[in-house]
Ligand code: ACO
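Numbering (my numbering), first residue to last: 425 to 758.
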């Protein structure tokens, strides 16, 4: 079997136009800018328009156009779309297929949605890498696009303050040059025993939506914040260590760590467990975005590449966790 290396050829992001600050949240739930910033590191988040033009597949379209330009590819060069989201445009068809038509792709490429909550992008990246390595596919578009503002309970101050909307995409393609860019190590995991730490119990097969559910707000996402916090710090540290140990790389040799942006205190704790003395090499943008679920890592990666922090040749570690409880890590040479 052929064995190829894969490389991130291009990235793109989309930021919804509306900014919702902590100050503005003070008039929605009983909270304060100080409480939110101290406990989470968040100051503001983006919120999609409900008038159209900023649905998850729209955001993905705008972000992908930029990624294609950077990758020097046309839409028909894409062999597969992996679309990670817990807030798809509609239940059927899948968002990847909707995006395929929006991009004008006519090559009938495969289209698959990934439901792995915040871990969706890392899951997609690692799956795409496996498919490129074996020669099965050449260019895979991995999308993470979320409109969480639709699914959070705006009466629940313990969760609504955390989340935001946004989109990040990456095109992973076969590395045709010998420049060293490649994915060095990856893992994906899940522990279903913690499924009730963060879940949405109603609205599908088990309990289709009723007017009563909507009136009571019982269909929104439910989260046990403290339980999630503990699992998050443990799994982030473990998966990062496993990914590094597999290829005998020390955490101190990694140029940039990009953890899932759920809470700055989770990031600090996980990094401490990993033996980091400071956060100088950790990309953190939660202050401006909040938790955008699957989109946090591609958003942070794109921003850090564009502002010049991450350079070609750098060792970069993606590290994530989410509802499920899903988790995973990717160590790559960019
Ligand atoms: N504003 C003001 N007070 C608040 C707020 C708020 N927004 N929310 C909760 N409080 C109050 C509580 O009622 C509680 O008051 P009490 O002591 O009188 O009962 C007090 O603040 C402390 O609440 P805690 O829940 O103990 O606060 P904690 O420090 O644990 O922070 C938080 C809560 C921010 C939710 C934290 O637990 C967390 O970030 N957990 C992880 C969440 C997470 O990762 N979620 C997503 C995972 S998956 C994914 O990313 C999609």
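Built from N, CA and C at the ideal position, the CB exists for glycine as well. Values in this document were obtained by computation on a predicted structure and should not be read as measured data.
- Tell me whether residue 650 counts as near the ligand ACO, meaning its Cβ is closer than 7 Å to at least one heavy atom of that ligand. yes
- Query: By Cβ distance, which residues of its chain are closer than 6 Å to residue 687, with the 5 residues on each side in sequence left out?
  - Reply: Closer than 6 Å at the Cβ level, and outside the excluded window around residue 687, lie 464.
- Query: Where in the segment 606-646 do unbroken runs of the alpha helix (DSSP H), each at least 4 residues long, occur, reported from the N-terminal end onward?
  - Reply: If we require 4 residues or more, the alpha helix (DSSP H) runs fully inside the segment 606-646 come out as 635-640.
- Message: Judging by CA-CA distance, which residue of 611, 577 and 595 is the nearest neighbour of residue 622?
- Response: Comparing Cα positions, the closest option is 577.
- Regarding residue 714 and the ligand ACO, is the C-beta to nearest heavy atom distance less than 7 Å? no
- Task: Give a yes or no on whether the C-beta atoms belonging to residue 508 and residue 534 are separated by under 8 Å.
- Result: no
- Message: Is any non-hydrogen atom of the ligand ACO found closer than 7 Å to the C-beta of residue 470, if you look at the structure I gave you?
- Response: no
- Message: When you compare the CB positions of residue 679 and residue 701, do they come within less than 8 Å of one another, or not?
- Response: no
- Message: Taking the beta strand (DSSP E) that residue 533 belongs to, which residues open and close that run?
- Response: Per DSSP, residue 533 belongs to no beta strand (DSSP E) and is neither H nor E.
- What number of angstroms, rounded off, separates the C-alpha of residue 730 from the C-alpha of residue 607? 20 Å
- With 16 as the cutoff for other CB atoms within 10 Å, does residue 452 come out buried or exposed? So residue 452 ends up on the exposed side.
- Item | Validate contact between the segment 494-506 and the segment 472-480 using beta carbons, cut 8 Å, 3 pairs | Remark: fewer than three beta-carbon pairs, one from each stretch, lie closer than 8 Å, so the segment 494-506 and the segment 472-480 are not flagged as touching.
- Where do the N-terminal and C-terminal ends of the alpha helix (DSSP H) with residue 603 fall, by residue? Counting along the chain, residue 603 falls outside any alpha helix (DSSP H), and DSSP gives it neither H nor E.
- Query: Going by DSSP, what residues sit across from residue 680 in a beta bridge?
  - Reply: Answer by DSSP bridge pairing, in chain order: 740.
- Message: Pop quiz: residue 436 and residue 489 are said to be a contact at Cβ under 8 Å. What is the actual Cβ separation, rounded to whole angstroms?
- Response: 7 Å
- Would you mind sorting residue 733 into buried or exposed? The rule is 16 or more other CB atoms within 10 Å of its CB. So residue 733 counts as exposed.
- Distance cut-off 7 Å: residue 647 Cβ against heavy atoms of the ligand ACO: yes
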